[in-house]
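Worksheet: one structure, shown below.
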Amino acid sequence: MDGPMEESAWAFAFGVLLLITGSVRGMIWIIQRKNERQDQISVLVETPADSGLAPNLPKDFKPTLVEVGILLAAGVLCAVYFPIGVPVVLIGGGVLMLHQHGVSVLQLWQWNSREIGSYLVQGMDRYLLIVVPMALLTAGSALAFKLAGATPEPQPVIVEFLQADDHRGVITLLVMAVVIAPLWEEIVFRGILYPLLRGLQNRIFAVLVTGILFGLLHDHPPAYIPLAFLGIILAWCYEKTGKLGYCIALHACFNAATAIGLLLIKYAPSG
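First residue of the sequence shown? That's 413 in our numbering, and the numbers climb one at a time after it.
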């Protein structure tokens, strides 16, 4: 969710506040990493590359290229002819495919409703760590389009939100953006496609491919690069924590921050 929008002092101030907070959090992270560098080097040397909190997959998990190709093709066909059914096809087909290989999605995703608070806190923390690079990538992408002679347009969902006249429509779009979209997109991309691609090749391949597909899914060229970056971060978060809840929370925080900016543009007093 991004793009050039009507100027708003309140939205601008909110964006500046996010960037300042993200910059401070990033500097703290850099200092912490520097202080822990020696310990981390020891851990990397002593620990196998695929150990730790990686997604809970059997050692013999090896889906075939044909299986993964069929699932992706079904998703693409559904997107063309019956878009509303894409989540059902991809989630249903993916869960069945994982089950056939002896993978329980409940164990794979490690969802625990008692940890929702932790998911949200960690999701916000991770969002603050990426808000500055996301802003730079978004600005760089928009600049590249302008230099190429094209005018970056906002995503259709943003236009729809800003033009919505009734509160019910606004609330519906907010729920879709902050709750529904993070849930189904994370289940599909990180919960299903990521482990399938990881089993097909390796974790680097899975991180990059799911990130690129995530960017392309949104069908908004100016946002391809920043959203692909977000997809890569989300996949790496799942790889390192093994818990899908952290990815959902990070995704929800990203969308919520954008939604707050749009609400300020739409409703904040001018002048």
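From the three backbone atoms N, C-alpha and C, an ideal C-beta is built for every residue, glycine too.
Here the C-alpha atom of L625 lies approximately 16 Å from the C-alpha atom of N614. Looking at F617, L629, P634 and V488, the one whose alpha-carbon comes closest to that of A647 is F617.
Within its own chain, the residues whose Cβ lies closer than 7 Å to the Cβ of A547, once the five positions on either side in sequence are excluded, are L431, listed in chain order. Residue range A593 to E598 is occupied by the alpha helix (DSSP H) that includes P594.
Between F473 and V515 the beta-carbon gap is near 6 Å, inside 8 Å, which marks them as a contact. The continuous stretches of alpha helix (DSSP H) do not include L605, and DSSP gives it neither H nor E. One alpha carbon belongs to G481, the other to G505, and they sit about 12 Å apart. Assigned with DSSP and collapsed to three states, P564 falls in coil, not helix or strand.
Burial state of P470 is exposed, judged by a 10 Å Cβ sphere holding fewer than 16 other Cβ atoms. Listed in chain order, the non-local C-beta contacts of E572 below 8 Å within the same chain comprise L585, local neighbours out to five positions each way being set aside. DSSP places N447 in the uninterrupted alpha helix (DSSP H) bounded by A421 to N447.
Taken in chain order, the complete beta strand (DSSP E) segments of 3 or more residues contained in the segment 460-507 number zero; there are none.
In the three-state reduction of the DSSP assignment, G529 falls in the helix class.
Considering only G535, W441, L559 and G487, the residue with the shortest C-alpha distance to A669 is G535.
Contact annotation, L620 with I644: C-beta distance approximately 7 Å; criterion of less than 8 Å satisfied. About 6 Å separates the beta carbons of R437 and L541, which is inside the 8 Å limit, making them a contact pair. Linking V543 to E597 through their CA atoms gives a straight-line distance of about 20 Å.
Looking from the CA of C659, the closest CA among L595, A425, I637 and A560 belongs to L595. In this structure, G654 lies near P467, with their beta-carbon atoms less than 8 Å apart.
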